[in-house]
């Protein structure tokens, strides 16, 4: 299941959701807020989501990941204001063997970054802000990575 | 003029929700408005002309009633339209 959370992500609780006796492998991805992007010092950021469509598209991606013959997959993405070091997103996958879980986990986070309507506004050390990936005057941030 | 068009049967009332940069540029998160635009593309161009949105339609996506839609999709009375700036989750 894909969900949005305005509160800190509980990594242990999420891990327990994919724990099953058929599983021989567990792979997780955590995305953290780092202190820089595109050469600028980041002091904090805010995620905003179009909830109805984000949840729909996120769940579609998790269903698509079943093509890798995994057992279970879940993802939680944060909304609201986050500090440096906070967990922004977590993907958990279990499978019988490790290869499927690794591949599926990477597929899920890649697709989420590409397709799910969630936006990120960074605040920089000089107090200015910018919506990542939205060309906006001199604060342009193209193809920002996280 | 919009009211007259509405009476003539061309106009419709739609709800538009804004997110991220578009919300900032529009100055609000949601509005109901009357429009003569027949497609979602025409509606974006109409609003872009009115509010000066910096994003070209070719760099954004659009959702109609909470589903991704083509720009050529026709607008109907009471539709919910959301323009989707480049996403940046993760």
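Protein chains in written order, with this note's numbering: chain L, 1 to 146; chain D, 1001 to 1090. All C-beta atoms in this analysis are idealised placements derived from N, C-alpha and C, irrespective of residue type, glycine included. Note that this is a predicted model, so its numbers are computed, not measured.
Report task. State the start and end residues of the unbroken alpha helix (DSSP H) segment that holds residue 71(L). Result -> No alpha helix (DSSP H) holds residue 71(L); DSSP gives it neither H nor E.
Query raised in the report: The beta strand (DSSP E) spanning residue 33(L) covers which residue range?
Result: Taken as a continuous stretch (DSSP letters only), residue 33(L) belongs to no beta strand (DSSP E), as it is neither H nor E.
Query - Inter-residue spacing [alpha-carbon to alpha-carbon] between residue 1044(D) and residue 58(L) - result: 26 Å
Query raised in the report: What in chain D is Cβ-close to residue 109(L), meaning under 9 Å?
Result: 1090
Query raised in the report: Expressed to the nearest angstrom, what Euclidean distance is found between the alpha-carbon atoms of residue 139(L) and residue 1088(D)?
Result: Residue placement at residue 139(L) is poorly supported in this model, since its pLDDT is 37, which falls under 50; the coordinates still yield a value, given next. When rounded, the distance between both Cα atoms is 15 Å.
Requested in this report: Taking 8 Å as the cut-off, decide whether the C-beta atoms of residue 1074(D) and residue 1039(D) are in contact.
Outcome: yes
Query raised in the report: Name the chain D residues that come within less than 9 Å of residue 77(L), Cβ to Cβ?
Result: 1089 and 1090
Query raised in the report: Counting only beta-carbon atoms, is residue 50(L) nearer than 8 Å to chain D?
Result: yes
Query raised in the report: Can you find a C-beta in chain L that's less than 8 Å from the C-beta of residue 1082(D)?
Result: yes
Query raised in the report: Do you know how far the Cα of residue 1024(D) is from the Cα of residue 141(L)?
Result: The predicted model places residue 141(L) with a pLDDT of 37, which falls under 50 and marks its position as unreliable, so this point remains unresolved.
Requested in this report: Please state if the CB of residue 23(L) and the CB of residue 118(L) are separated by a distance shorter than 8 Å.
Outcome: no
Query raised in the report: Whose CA, out of 11(L), 77(L) and 37(L), lies closest to the CA of residue 113(L)?
Result: 77(L)
Query raised in the report: Where does residue 1021(D) land, buried or exposed, given buried means 16+ other C-beta within 10 angstroms?
Result: buried
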